[in-house]
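One structure is given here, and the rest of the page talks about it.
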Amino acid sequence: MAPILRVRTVTAFVTLKRGGDWEASIAAASSVLGAVKRQLERCGLEVQTTRLATNNFTEFVHVKDENSAVEEAKLVEDICARHDISFVSLGGGCGADLELAASLVGPILSATSNVFLNLQLESFKDCEATSQVIELLQRGADTDDTEAQSHCFRFTACCRCKAGIPFFPAAHWSTGEEVEAPVSFAVGLENSGLLYEALEASAGDLDGVTEAVRSRFETELEPIRRAGDEIAGESGANFLGILKTSGTSAESIVDAFELLVPAFGSSGTLAVAAAVTKGIQSLERSCGYSGLMLPVCEDAGLAKAFSEGRVGITELLCLSSVCGIGIDTLPVPGNLGCKSMSHILADTLALAKRWNKQLSCRLLPCPGKEAGEKTDFRSPYLVDATL
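Anchor point for the sequence shown: position 138 equals 138 in UniProt numbering, and the numbering is continuous, going up by one each time.
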């Protein structure tokens, strides 16, 4: 039987500076990550990965020379590997730096394996530039005619996403945050099983969902909070908190929802999402999106609901209005085009701005595939779905 709670990631956050001692900064982060991992394992928890997120790479690599930027990104990746850090997010760009950062996303992702990037959207013009990045990343897979070769999995567009989200690719850090401590860290969980138990305890009573989630999660998360505070006290690092909800490919958040509604996507789904999110947001030491996450192709039940047409882009954005993440790992036909992708990004940005929410949008174009065809990700991290 699968555990009801896993730690998907312990993510450290540091600021790197152009010409600074990157090795020392990453080594310090690795030391904190190792201590947190060991402490959580002593609590009986499985820790799947340790990760590092930096400030936007436009602040510390030589971005005006593509070759230098790529080599420096590879250097950070290599340093992380030496220090047993699984993945690294180099942030990306925002505002005046966005177009320059966008021009380097493809070259950096093509030259690396464990680097993730994001762009932080502020205007609808940013949506157009970002859609072109996604199209270029897709085009890089066209020679093999398979989405399995695409780098889109390691890239997302962020809309009002704050620094300190432990999940990738949205993770990034902000220069100036290191004033409090040179290393900060956060914990990101996989807990569809725990959510199932909480909704089961509500006995089909929608009014009881929020309290059932709060009560069940508080009990299970207390050891993680204690471990984080203990390591922070010992190391001088800053414990940002816990990102508390994520689906997985092996288990499904859909099973939990269908304890209260006939089928995920039917009437009542939005109400359950709102009640669950309220319960999660009432917990202490939340960080990141602080809400329900619905990653389409990282959750077998969500992938099935999408394939059957029960949820699509509009429904996911509707759900995002009361919960969190936005649109994640959403497969789209390879011929969708820049304009249509830009519109999806614009809808996500509009929702984030209107309700002041942290939302991201990770699209997975499938080269050569049209609506009605099945994806071919060939990835341990993704579940295939019908477009």
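Ideal Cβ positions, reconstructed from N, Cα and C, are used throughout, including at glycine.
Burial check for TRP355: the Cβ neighbour count within 10 Å stays below 16, so the residue is exposed. Pairing LEU117 with GLY92 gives a Cβ-Cβ distance under 8 Å. Residue range 253-257 is occupied by the alpha helix (DSSP H) that includes ASP255.
Annotated as distal: GLU66 and CYS94, with beta-carbon spacing of 8 Å or more.
Contact between the region 150-170 and the region 202-212 is not established, with fewer than three Cβ pairs separated by less than 8 Å. In the displayed model, THR175 falls within coil according to three-state DSSP, outside both helix and strand. Ranked by how close their Cα comes to the Cα of VAL70, the residues SER86, ALA101, VAL213, THR50 have ALA101 in first place.
Here DSSP, grouped into helix, strand and coil, assigns ASP207 to helix. Comparing alpha carbon positions, the residue from LEU52, VAL36, ARG51, ALA53 closest to LEU45 is VAL36. Every beta strand (DSSP E) stretch that sits fully inside the region 296-376 and reaches 3 residues is listed by chain position as 325-333, 359-366.
Bounds of the beta strand (DSSP E) holding PHE155 are 155-159. When only Cα atoms are considered, GLY241 and SER30 end up about 18 Å apart. Taking a C-beta distance under 8 Å as the contact criterion, LEU243 and GLY188 qualify as a contact pair.
DSSP places CYS94 in the uninterrupted beta strand (DSSP E) bounded by 87-94. When secondary structure is reduced to three states using DSSP, ARG18 falls in the coil class, being assigned neither helix nor strand. Annotation for ILE242: the continuous beta strand (DSSP E) segment containing it runs 238-243. In summary, ASN335 is exposed, with fewer than 16 beta-carbon neighbours lying within 10 Å of its beta-carbon over all protein chains present. Boundaries around ASN67 are those of the alpha helix (DSSP H), 66-82, since no beta strand (DSSP E) includes it. By DSSP's assignment, ASN55 forms a beta bridge with TRP173. Straight-line spacing of the CA atoms in PHE239 and ARG285 works out to 9 Å. Note that the region 222-229 does not touch the region 165-174; fewer than 3 beta-carbon pairs, one per stretch, sit closer than 8 Å.
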